[in-house]
Structures are given as C-alpha cells and as structure tokens.
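*Asks:* Please find one structure pasted underneath; my questions will follow.
2 protein chains.
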Amino acid sequence: MRQKTFLVPTLRDVPSDADVISHQLMLRAGMIRQTAAGVYTYLPLAKRVIAKVESIVREELEAVGAQELTLPSLHPAELWQETGRWDKMGDELIRLQDRHGRDFALGPTHEEVITSIIRDAIGSYKKLPLNVFQIQTKFRDERRPRFGLLRGREFIMKDAYSFHDTEESLDETYQAMYKAYERIFTRVGLTFRAVIADSGAMGGKDTFEFMALAEVGEDTIAYSDSSSYAANLEMATSVRVTTRSEETSQPLSSAKVNAAASIQEAAQQLEWPLSRTVQVLAVKIDEELALLLLRADHELNEIKSLHELHAKSLTVLGEHEIKEQFKVEAGQLTALGNTSLKIYADYALEGQSGFLMNSSTADECAIQVDLNRDLTIESYVDLRLVQEGDPSPDGEGTIQFARGIEIGQVFKLGTFYSDSMGASFLDQNGRANPFKMGCYGIGVSRTVAAIIEQHHDDNGIVWPIAVAPFQLHLLTLNSKNEEQATLSEQVYSSLKKDGWDVLYDDRPERAGVKFKDADLIGIPLRVSVGKRADEGFLELKVRSTGESIDVHVDDLAETLQSKLQELSN
Amino acid sequence: MRQKTFLVPTLRDVPSDADVISHQLMLRAGMIRQTAAGVYTYLPLAKRVIAKVESIVREELEAVGAQELTLPSLHPAELWQETGRWDKMGDELIRLQDRHGRDFALGPTHEEVITSIIRDAIGSYKKLPLNVFQIQTKFRDERRPRFGLLRGREFIMKDAYSFHDTEESLDETYQAMYKAYERIFTRVGLTFRAVIADSGAMGGKDTFEFMALAEVGEDTIAYSDSSSYAANLEMATSVRVTTRSEETSQPLSSAKVNAAASIQEAAQQLEWPLSRTVQVLAVKIDEELALLLLRADHELNEIKSLHELHAKSLTVLGEHEIKEQFKVEAGQLTALGNTSLKIYADYALEGQSGFLMNSSTADECAIQVDLNRDLTIESYVDLRLVQEGDPSPDGEGTIQFARGIEIGQVFKLGTFYSDSMGASFLDQNGRANPFKMGCYGIGVSRTVAAIIEQHHDDNGIVWPIAVAPFQLHLLTLNSKNEEQATLSEQVYSSLKKDGWDVLYDDRPERAGVKFKDADLIGIPLRVSVGKRADEGFLELKVRSTGESIDVHVDDLAETLQSKLQELSN
Chain A
1 MRQKTFLVPT LRDVPSDADV ISHQLMLRAG MIRQTAAGVY TYLPLAKRVI
51 AKVESIVREE LEAVGAQELT LPSLHPAELW QETGRWDKMG DELIRLQDRH
101 GRDFALGPTH EEVITSIIRD AIGSYKKLPL NVFQIQTKFR DERRPRFGLL
151 RGREFIMKDA YSFHDTEESL DETYQAMYKA YERIFTRVGL TFRAVIADSG
201 AMGGKDTFEF MALAEVGEDT IAYSDSSSYA ANLEMATSVR VTTRSEETSQ
251 PLSSAKVNAA ASIQEAAQQL EWPLSRTVQV LAVKIDEELA LLLLRADHEL
301 NEIKSLHELH AKSLTVLGEH EIKEQFKVEA GQLTALGNTS LKIYADYALE
351 GQSGFLMNSS TADECAIQVD LNRDLTIESY VDLRLVQEGD PSPDGEGTIQ
401 FARGIEIGQV FKLGTFYSDS MGASFLDQNG RANPFKMGCY GIGVSRTVAA
451 IIEQHHDDNG IVWPIAVAPF QLHLLTLNSK NEEQATLSEQ VYSSLKKDGW
501 DVLYDDRPER AGVKFKDADL IGIPLRVSVG KRADEGFLEL KVRSTGESID
551 VHVDDLAETL QSKLQELSN
Chain B
1001 MRQKTFLVPT LRDVPSDADV ISHQLMLRAG MIRQTAAGVY TYLPLAKRVI
1051 AKVESIVREE LEAVGAQELT LPSLHPAELW QETGRWDKMG DELIRLQDRH
1101 GRDFALGPTH EEVITSIIRD AIGSYKKLPL NVFQIQTKFR DERRPRFGLL
1151 RGREFIMKDA YSFHDTEESL DETYQAMYKA YERIFTRVGL TFRAVIADSG
1201 AMGGKDTFEF MALAEVGEDT IAYSDSSSYA ANLEMATSVR VTTRSEETSQ
1251 PLSSAKVNAA ASIQEAAQQL EWPLSRTVQV LAVKIDEELA LLLLRADHEL
1301 NEIKSLHELH AKSLTVLGEH EIKEQFKVEA GQLTALGNTS LKIYADYALE
1351 GQSGFLMNSS TADECAIQVD LNRDLTIESY VDLRLVQEGD PSPDGEGTIQ
1401 FARGIEIGQV FKLGTFYSDS MGASFLDQNG RANPFKMGCY GIGVSRTVAA
1451 IIEQHHDDNG IVWPIAVAPF QLHLLTLNSK NEEQATLSEQ VYSSLKKDGW
1501 DVLYDDRPER AGVKFKDADL IGIPLRVSVG KRADEGFLEL KVRSTGESID
1551 VHVDDLAETL QSKLQELSN
C-alpha cells in the first residue's frame, strides 16, 4: 500500500481530550476519529488490525466447533420483555421506535434474539450441543463513555452462545471456550489473567473474566504471585484460619476515649493496633437487620458477602438509619450486649481475643474483647476485601493486586433465558427440558486498545506481528533522489511479489517526518532506503528491539524471513 | 462441517408469508429467520455465502485501490443537518435519542459521516484521489419491507466514497469502480445490466445502476437486443426522427363524436388509429401552465420530461384542475386555438400530419391535424416512455424490456456534500476547492437473494460455485450401515485434508430426507455413500446439470478436481 494516498492522518500533538495512552496513540497514529462521544470511525490502519484480531478469533472458535452467524441489531421490544430485561436494562439500552410506533432496542447483547431463534429451530437433544458466534457492532449507552475504544457506546464484540441438554455438555463447551480464549489472547500478544468474576443477577453460575493487565484498567484483580489463582477484587476469597490465637485471653475491660467519631479514631487515641480492633457495621440482609464485624483495618466486600450470606440483597445502614434503629451515633455502634440481632463476623476474627471495640457507654471503649467469650456470633463468614500480602486461597503464594481491562468473559447462564422464554428441547425420553446455556464474549475493539496499552513506548505503538496492520514499513528517505526512488520501487514490487504485507512511505516528506510517523504507527519491521542506495544497501530496523542492521538488497528477502521468524515466536 | 449439529433448520413446506422464490428458499433451506418485519438473522449457511460475496467485493475493490474502513452506525443529527438531509429523509431515517436527549440517526448511508472525516483529515491535493469503502449493516425504515432480503429494514451494504481534486480524477475512479462492479457481479454468477439511472435531487450527475435481471425485480429496464445500451425505463431515451412523413398533408377538418370521455375513446368511435391521434396533457412546469402533446398510444415519462424540459418540478393537472383552468372536461382538452400557453410536443409527433385531436367544440374532433401548420409548438422534446420494439437510442438493435433487482450503483456526487459541509482542500496554487465526490454502493444481502432468484430449480437453490456455502455435500445414505459409515468418515477426512469445503450429512435420517435437503440447500457437488460402499463406489452428482456418475473412492479426488474446474469456468 502506497502511503501517499493511504488514509493515515497522523497527528504531531497529543490530543487534549485523550487521557489514556491507547486513545492518544490511536488518534495520533491516524487509526481512529471520534464521530460522537464514545462513537468512533475505524480508519484503514485500525480496520486492518481489527480484521487480524477477528480472523484469529474466528479461527480459534471454529477450531472448537463454533458456527458463525449474524443476528440483527434491531431487536423488537417484545423479546426483551419476555425476560424482563426491557425494564431492567435502564438507560444503557438504546431504544427507538419505528415509523409505526413499535418499540425496538439496539442490541448490546443477544441472549434474547438467539434464544428466540433456537426455541423455534431446535426441538431435539439430537441437534445438541450447539455453539454459535458472531462478530458484530454492539450498542450501549454508557453514562460516561471514555478512554477511546476502552469504553465506547458503539463497539465491536464477538459474542457466542451455546445450548446443551446436560450440565456436563455445557461444562465441556465452557472449558473448550475458556481454552480457546487463552489461545486467542496469547496469539494477539496480550498479557492477561482469567479471573473469577461475579455472575451477577442474571441467574448464572460459573464465570471467568479475561483481563488484560494494564494500569488504566478499571478493575482491580487479586492474583497469586505463584499460582494461576486470580479473581476480581470483589470475588477474591480469604483463607479461613481456624487456629485460636496463642496468647491467653485477658479479662474484658474498658478505656476512656475522648469523643471519637469512629472506632478507628478511638484506636488511634488509645494507641491500640487497628488489626486488634473490631469495626461494627449495621446491615440489612434481605430486609433483616443484622450486624457485621470486621477488623478495623479491613474493608467490607459487599458483593462477596452477598454470595457468602446467600442473600438476595445486602444494604449497609447509613448514619441516619443507625441513629433511628440503635439510638446511637454511627461511630459508637457496638455488638456487646446485643441479644436480638444476628452477628456475622469475618474469618479474620474467628477465635480471636484481645480486641478493642465500642461499648454501650458513650465515652468508653471495651478492650480485651474475646469474640467467643463476649459475643454470640451467628457464624464466621468471608466478608472482607482481600489485601496485598494475604495468602492466596489456593494455598500457593501470596496475593498481589493488578489493574486489568476486561477483554473477554465466559459465563454459564444455566436456564435463565430458556426458562423465561420457554425454549425447550425433547430429551431421549421425549420429555421437554429447558436448554442449558452458556455465553461467551470478547470485546474486539477493546482488545485492540488493550494491545496498545501493553505494547508501546515513548515514540508510539509497537505492534505484535500477529496483529500489526502491516508486517513491514518501507521508507524512501529522500523521494527526490533518483537512486533511492528506483531502489525503493524495485524493493516494493519484489516484497509484494513475495507476499509481504507492506506499507510503502513514498511521500515527498523529509526523512525525519517519515521516521517519526513510522515509530508512531509501529509496524514491526522497517526497511529504509537512504544514502547507501547507490551501493544497494538498506537499513533494516526492528521496532520492538530497536535493533538496526544494514542489509544488501540481494540479502533482504532472506534476512526479513529470519526476522519474521524471530518475531513470530 | 458435520450436519448433525450444524444449524440448518430446513423446512418442508413453503412458508405462507414468503411471496418470492429467494425468500421462500432461504427460509426453507435454513439460511435466514425473521426477527421483525424486514429484520433477519443470517444463519450459518447464509453467513458463509455472505462471507464469500464480501471477499469477492473486497478483492475487486482493493484491486482498484479502494481502502477499507468502518464508519459508525450512530450518526449525530448535527451532521445530517449540515446537508439538510435530517429533514429531507423523512420516515425512512431511523432516529433515536441518547440518555442525554441528543438526536442520532442510524446510518442508512454515510456521505455525511465520511465527508466530516475527510474535511478534517485531508487538506491538500497531494493526498488525492482517495477511495474508501466499508461493508456494514445499514438501517432504513422502509414503509413496506418485503420479499425477504430484497427489501429489508436492516441489511448489509458495501458503500464506497471517493474524493478528488479534478473532474478527470473523479471520472477515472468512477470508471474503475464501474469495471470492478462488472467483475464482482460476473464473479458471483449474476446476469445483470448496468443501466442509466436517475441522479435524483442530490445534485449528482452521471449514475449507473447495476440490475440483476429477475422477474421479481421492482424496476423495469429498457435494453437494446443487440448492444450494451440499457436504462431504467424512466431514463430510456427515444430516437429523434426529424424526417417529415411521406403523405401530403390533408386540409384540417372535423368529425362528430358521441360524448367521448377521452381522445382514445373518440379514436375508437371514428376508427382512427391511436398512432395517428394526439393526446393533450395540461401540466405545470415550475408553476407555469403549459400543454404537452403525445401520441395517444404513448405514455408520458415524467422523470425524463423533467430533465428534458430542464425543470425543477413537473405536475400533470387532474380533472378538477383542468376544469378550473380551461373550463372543459379533461377528455376534451385541445391545443388547437391556443394562443397563450407554451406547447411541447413529443419527438414522435415532429413534422407529422393527418392526426386526430380534440377540438374546442364539445361533440366534434379535429381530423387531419398538421402539427406544423395548425399548432404553434414551442419545441419538440423527448417526453414519452419508450416501448418494446422502439429503435435503441444508440442506433443498434431494438428496445426490449426486462425486470431487474438493483444490486449496485455508481454515482458522481459532484460537490453537493463538500459544498454544504464546507469540505475543501488546497490545490496546487494554494486555493481552497470543494472535494469532488463519487459514491458507490452494493447491496450485499440483496445480491445473495438476487443470486437465488437467478439460480434455482423446482427442488431448491443451485449455487454458483464461487459463492456456494460449501463446495461439496457428502451424504451417508444409511448411517446405520457400518460400511457406509466407515467409508463416509474416511472420505470426509481425506476431503478435508485436501482443502475441500465440505458439509457432511452424518444425520441419522432416511436417504430421501437427505436428498431433499441436499437439493434444497443446493451445494454444487454431491457425493453420496450408498449401497455400493462395499465395493468402494460412490455417486457423484452435479447439482446444476443433474449429471450423475459412479466413482471409485480411489478416483474421487481427481474426478472432483476436474468437476470443480468445469464449474469454475
């Protein structure tokens, strides 16, 4: 491709409205332009990268038996009403009416549409399992679209849906998709973790999110430094340590405090360690008032607690509600003397003593609290957010934190959609059963941004060869020099003949401009035709390593092949 | 691909809501399902055909230097307001509001979006010409979506836009795209005509529509039976014959008629040939009253007349208006004695005499009218719809009619969009000029339907090999027979190894069901493993010709290769 008339409008300056590096570099490298907030045009360079990512996705999914189809973007409201999501989705669902006033949604995801197709198309277990996928533009009206392609309102997704007669069959496809995802994200050059995720309210069960590690990621991942354990912070579990602490329990006592607004402040006044201080939270668990106890240096993990308490809802009471219910200031709430409410204490408090806690007297704290002796604990539960340095729950290594960009998810949906939409098949005994379903997403455009977050330097993008828009960038340093121009043209045609994917910078620009643009665009191999053109020498530079060698034109084909091999490994 | 779990829900019966053959066959062959009126799911079989069409389109467009990009589907209203099309488009434009109440359109076409990108990205003639394309889902809220994929509300289009500094450059790309379209439609197996089309109100000039010939087509094409001349009926021109008729002009006379409601009725009473009768139409040309004269056996072509009269609007007066303006019944309107209105007469009347016409007397007609002698004709103009048997305007052969499905269009837009959106470049002298633009569309999903309209028989689809969902259909006639099953599996793996694109019917169905489905789906080559499996013999059948031969498994590879060659020519 000749760069002279190739649409790559590079920019010198960092656009003021781009906060993250992938957004900045995609704008500067002439890959994308914004048409509206969260709505982008993919210019030819981006389109080429997307096509390469898509073909890797396609290849790996077809290898595990997934079939490609295309579902529509216009969804009749009736389908979403069948599952109740027409109301649940709120403002994120883009809605419209056709000329006859009928309601439609613009598809952000396609569980309803595919389930409606399958309920009509498949009647027997003999046609199962089925695994279908599509690669398609999706629409979601994000409240705050930002970070370029990382959080857009119109974006490219690969979504897949599988249908099964048994739990085993679902599990088999789920595992196969998980492995396909590992291969896909490895092939596109990403450093990622598959993390245990929240299955949310949609009736699902097992789910993993695939997270590309990156500072700009909006999610925190807790992972083991010496095993494959990784979970979203909200899902990371703590190890239950049931051994009673060594020291002998001291008698319960009290200490004066000076109008402390919180137990943490009281601990500070008394120089009592936070790790030996109990904080008391008042909560409503499915409308029932209860108390939660955690160490004062720990933080409640509401999502995990909800699961652990087998609750549908969990609400932490605010200052006003505490005053109303307990007739005390929020900072003075205690569990001592409680006889009516259930008390759930975090694992970290199990069998522990020697703790500081609020007492029922305003200017006093209880000290030397022994949880077993002084309180009636309903049960010990995993309530807290894990911290860096905690032991990994799988027993190997300790927990570290990282930030991640969600690039994919595998999800066992179970029968939520087939139940609510009446989608069933006849089993071997002729009985109707709801399909067991799985769904599997990959954010294709977001993956491209994540690749850039991981592969760049101060000068621009550094594409992994598998997804690079071109394999090779050919530069004529001085287009007016006849020897350079002739040699360049000759090299360009022979490279094309050899099947290389070449961008040829034939522009009448200065060498400095060409080098800068080449670094910015980040094509893996660069061949410059410069001063030594008369001797037949070219410069070959590897973008990722900076390695630079002079190569004679006769040796070029061979040298490039070996560099390509190196980069592909 | 094993058919057992491949999603091809074939239907035995013709769906009652499908009127045209492509719609019926795509439903019956398990290619598509309707999700809402004019909104379809493309099941895996259709997706495979679409992918093949798309890759042919991509190949031919890239060969003429077009660059692929992807423009968004969500268009901010502001862009469409710049060209005035936000108001002009009416109900066909699907509109929606985002969560902040901002107006958006769902893109039916992308002139505004691409022009807004290019006006920012390209500042100099040095980056021109530019030709970009995308293949994408489009949205248009048709009043009457129908005929399956032929007229949908959500459909797949290839649209391309080119930008130029000169008229010559635009013409060069326009011609290259025209030729690329010819190659594309030839390769996908269509019989088509490039027809002269109406450039409409959008300020464009040259335009050709590519029409796949088919009975269900909504457009009538007038074409020459011995040259490449073809035009939409509305655009087909007549030859101007300026030779005066042979016979000597007779004196103007009159004949009694008996309350004739029209000149055609009067002619019948008088046994006067319609080809020698003048019909008079009252029209408003840009608000000016005028008379149009045509032969009574000819029909007014309003669209062509508008162009020929260089008018912005042309309205034919109805009965009431004629009565009001001329104080006569519509059937009695005459041009004789007219002194105030301009009279335009059709080419076919030029220099003619011996005509029947209304006179100003109610129960009398004028006969032997000589147009030169008895009327004051402002000018002779090409006003009429051409008819079958007319001489072709290029002087070669005679006009025939055919019906066509519009599958593509090439269009010189000129500067309509760049003018209204202020999109300009600097020329060699540093002066700002609006871009000259071209646009080029192909209805991808409609092309698939058009292929089926042209390639089917009573039993189903007959795919051309270039776009067939698979090249080969392998059938095991009795899956329970061990020899057949073993041989089938062996053939299947060796075909796959040889790179064949195979659908393998391994279903536990009766042979009759498999044959019926195979014919319906229409894969070009069929290999059946049946009773002679024990001798190693298979049946090879060519879908298009019905040719059937028994082939030994050892000769299969070679025989298939030669059949593939035959079908590819």
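Line order of the protein sequences matches chains A and B.
The numbering of the first sequence is the numbering used here, which starts it at 1 and goes up by one.
The numbering of the second sequence is the numbering used here, which starts it at 1001 and goes up by one.
Glycine included, each C-beta is placed from N, C-alpha and C at the ideal position.
Quick caveat: nothing in here was measured; it's all calculated off a predicted structure.
Within 8 Å of any Cβ in chain B, is that where the Cβ of A/Ile574 sits?
*Replies:* Nothing in the structure corresponds to residue 574 of chain A, since chain A is present only between 1 and 569.
*Asks:* Could you tell me whether the stretch 469 to 484 of chain A touches the stretch 79 to 90 of chain A, where touching means 3 or more Cβ pairs closer than 8 Å?
*Replies:* no
*Asks:* Quick check: the stretch 30 to 44 of chain A against the stretch 122 to 129 of chain A, are at least 3 beta-carbon pairs closer than 8 Å?
*Replies:* no
*Asks:* Looking only at its chain, what residues have a beta carbon closer than 8 Å to the beta carbon of B/Asp1141, apart from the 5 residues adjacent to it on each side?
*Replies:* To locate residue 1141 of chain B, count along the second sequence from 1; it is residue 141. Excluding positions up to five away in sequence, the list reads Asp1091, Glu1092, Leu1093, Ile1094 and Arg1153.
*Asks:* If we count the other Cβ atoms within 10 Å of its Cβ and call it buried at 16 or more, is A/Ala432 buried or exposed?
*Replies:* Against the first sequence, residue 432 of chain A aligns to sequence position 432. Its Cβ having fewer than 16 others within 10 Å, A/Ala432 is exposed.
*Asks:* Can you give me, in chain order, the residues of the stretch 1078 to 1094 of chain B that have a beta carbon less than 7 Å from any beta carbon in chain A?
*Replies:* Asp1091 and Ile1094
*Asks:* Using a cut-off of 7 Å between C-beta atoms, extract the partners of B/Phe1006 located in chain A.
*Replies:* As a working note, residue 1006 of chain B is residue 6 in the second sequence. The answer, in chain order, is Gln67.
*Asks:* List the whole-angstrom C-beta distance separating B/Phe1326 from B/Leu1128, where the pair is believed to meet the contact cut-off of C-beta under 8 Å.
*Replies:* Position 326 of the second sequence, counting from 1, holds the residue named residue 1326 of chain B. Position 128 of the second sequence, counting from 1, holds the residue named residue 1128 of chain B. Actually they do not touch by this definition, with Cβ atoms about 56 Å apart.
*Asks:* Can you pull the chain A residues whose beta carbon is under 8 Å from the beta carbon of B/Glu1154, in chain order?
*Replies:* Position 154 of the second sequence holds residue 1154 of chain B. Chain A residues near B/Glu1154: Pro72, Ser73 and Leu74.
*Asks:* Rounding to the nearest angstrom, what Cα-Cα distance links A/Leu570 and A/Asp165 in this structure?
*Replies:* Only positions 1 to 569 of chain A appear in the structure, and residue 570 of chain A is not among them; the question remains open.
*Asks:* Name, please, each residue of chain B whose Cβ falls closer than 8 Å to the Cβ of A/Asp98.
*Replies:* Counting from one through the first sequence, the residue named residue 98 of chain A turns up at place 98. The answer, in chain order, is Ile1094, Asp1141 and Arg1153.
*Asks:* So the beta strand (DSSP E) B/Lys1158 belongs to, where does it begin and stop?
*Replies:* To locate residue 1158 of chain B, count along the second sequence from 1; it is residue 158. Where B/Lys1158 is concerned, the enclosing beta strand (DSSP E) stretches over Glu1154 to His1164.
*Asks:* For the 8 Å Cβ check, are there 3 or more pairs between the stretch 551 to 568 of chain A and the stretch 509 to 523 of chain A?
*Replies:* no
*Asks:* Determine whether the Cβ of B/Tyr1440 lies closer than 8 Å to any Cβ atom of chain A.
*Replies:* Working through the second sequence from its first residue, we reach residue 1440 of chain B at position 440. Not closer than 8 Å to any Cβ of chain A, the Cβ of B/Tyr1440 fails to qualify, so no.
*Asks:* Starting from the N-terminal side, write out each stretch of the beta strand (DSSP E) that is 3 residues or longer and does not extend beyond the stretch 300 to 364 of chain A.
*Replies:* DSSP runs (the beta strand (DSSP E)) wholly in the stretch 300 to 364 of chain A: 314 to 316, 342 to 346 and 355 to 358.
*Asks:* Using three-state DSSP, classify A/Ile452 as helix, strand or coil.
*Replies:* Numbered from 1 along the first sequence, position 452 holds the residue referred to as residue 452 of chain A. Correct three-state label for A/Ile452: helix.
*Asks:* Once the 5 residues before and after B/Asp1297 are set aside, which same chain residues still bring their CB inside 7 Å of it?
*Replies:* Taking the first residue of the second sequence as position 1, residue 1297 of chain B is located at position 297. Leu1274 and Ser1275.
*Asks:* Please check the pair B/Ile1343 and B/Leu1293, which I expect to be a contact at CB under 8 Å, by giving their CB distance rounded to whole angstroms.
*Replies:* By one-based count along the second sequence, residue 1343 of chain B stands at place 343. By one-based count along the second sequence, residue 1293 of chain B stands at place 293. With a Cβ gap of about 6 Å, B/Ile1343 and B/Leu1293 count as contacting.
*Asks:* Between B/Ala1121 and chain A, is there a C-beta pair that is closer than 8 Å?
*Replies:* Locating residue 1121 of chain B in the second sequence gives position 121, counting from the first residue. Yes, because at least one Cβ of chain A sits closer than 8 Å to the Cβ of B/Ala1121.
*Asks:* Rounded to whole angstroms, how far is the Cβ of A/Gln269 from the Cβ of A/Ala261, which I believe are closer than 8 Å?
*Replies:* Numbered from 1 along the first sequence, position 269 holds the residue referred to as residue 269 of chain A. Numbered from 1 along the first sequence, position 261 holds the residue referred to as residue 261 of chain A. No, A/Gln269 and A/Ala261 are not in contact; Cβ-Cβ is about 11 Å, not under 8 Å.
*Asks:* What's the C-alpha gap between B/Tyr1492 and B/Thr1005?
*Replies:* In the second sequence, counting from the first residue as 1, residue 1492 of chain B sits at position 492. In the second sequence, counting from the first residue as 1, residue 1005 of chain B sits at position 5. When rounded, the distance between both Cα atoms is 16 Å.
*Asks:* Under 7 Å Cβ to Cβ from B/Gln1250, same chain only, skipping five residues before and after it: list those, please.
*Replies:* The residue labelled residue 1250 of chain B in the question sits at position 250 within the second sequence. Taken in chain order, the residues that qualify are Gly1354 and Gln1368.
*Asks:* Which residues in the same chain have their Cβ closer than 6 Å to the Cβ of A/Ala511, if we skip the five residues on either side of it in sequence?
*Replies:* Translated into the one-based positions of the first sequence, residue 511 of chain A becomes position 511. Answer for A/Ala511: Leu477, listed in chain order.
*Asks:* If you run the structure through DSSP and keep just helix, strand and coil, what is B/Thr1207?
*Replies:* Position 207 of the second sequence, counting from 1, holds the residue named residue 1207 of chain B. Correct three-state label for B/Thr1207: strand.
*Asks:* In angstroms, rounded to a whole number, what distance separates the CA positions of A/Asn459 and A/Glu453?
*Replies:* Sequence index remark: in the first sequence, residue 459 of chain A carries index 459 (1-based). Sequence index remark: in the first sequence, residue 453 of chain A carries index 453 (1-based). When rounded, the distance between both Cα atoms is 13 Å.
*Asks:* When you compare the CB positions of A/Val444 and A/Val57, do they come within less than 8 Å of one another, or not?
*Replies:* By one-based count along the first sequence, residue 444 of chain A stands at place 444. By one-based count along the first sequence, residue 57 of chain A stands at place 57. Their beta carbons are under 8 Å apart, which means A/Val444 touches A/Val57 by this criterion.
*Asks:* For B/Pro1508, count neighbouring Cβ atoms within 10 angstroms of its own Cβ and tell me buried if that reaches 16, exposed if not.
*Replies:* If you number the second sequence from 1, residue 1508 of chain B lands on position 508. It is exposed - the Cβ of B/Pro1508 has fewer than 16 other Cβ atoms within 10 Å.
*Asks:* From the DSSP output, in three-state form, read off B/Gln941 for me.
*Replies:* No statement about residue 941 of chain B is possible, as the shown extent of chain B runs from 1001 to 1569 and does not include it.
*Asks:* Listing by chain order, which chain A residues have their CB less than 7 Å from the CB of B/Lys1127?
*Replies:* Against the second sequence, residue 1127 of chain B aligns to sequence position 127. Thr5, listed in chain order.
*Asks:* DSSP on A/Arg373, reduced to helix/strand/coil?
*Replies:* Here residue 373 of chain A is taken as the residue at index 373 of the first sequence, counted from 1. A/Arg373 falls in the helix class under three-state DSSP.
*Asks:* Figure out for me which residue from B/Lys1158, B/Ile1322, B/Ala1423 and B/Glu1299 has the closest Cα to the Cα of B/Asp1382.
*Replies:* Looking up residue 1382 of chain B in the second sequence gives position 382. That would be B/Glu1299, whose Cα lies nearest to the Cα of B/Asp1382.
*Asks:* Measuring CA to CA, which of A/Ala255, A/Ala29, A/Lys436 and A/Val53 is closest to A/Leu45?
*Replies:* Along the first sequence, read from residue 1 onward, the residue named residue 45 of chain A stands at position 45. Ranking the options by Cα distance to A/Leu45, first place goes to A/Ala29.
*Asks:* Please check the pair A/Ile135 and A/Phe163, which I expect to be a contact at CB under 8 Å, by giving their CB distance rounded to whole angstroms.
*Replies:* What you label residue 135 of chain A is simply residue 135 of the first sequence in a count that begins at 1. What you label residue 163 of chain A is simply residue 163 of the first sequence in a count that begins at 1. A/Ile135 to A/Phe163, Cβ: 19 Å. No contact.
*Asks:* Should the stretch 1428 to 1442 of chain B be called in touch with the stretch 1525 to 1532 of chain B, which here means at least 3 C-beta pairs below 8 Å?
*Replies:* no
*Asks:* For the stretch 1007 to 1038 of chain B, which residues have a beta carbon sitting closer than 7 Å to at least one beta carbon of chain A?
*Replies:* When C-beta distances to chain A are compared with 7 Å, the residues of the stretch 1007 to 1038 of chain B below that value are Leu1007, Pro1009, Arg1033, Thr1035 and Ala1036, in chain order.
*Asks:* The alpha helix (DSSP H) spanning B/Gly1408 covers which residue range?
*Replies:* Translated into positions along the second sequence, residue 1408 of chain B becomes position 408. No alpha helix (DSSP H) contains B/Gly1408, which is instead part of the beta strand (DSSP E) from Ile1399 to Gly1414.
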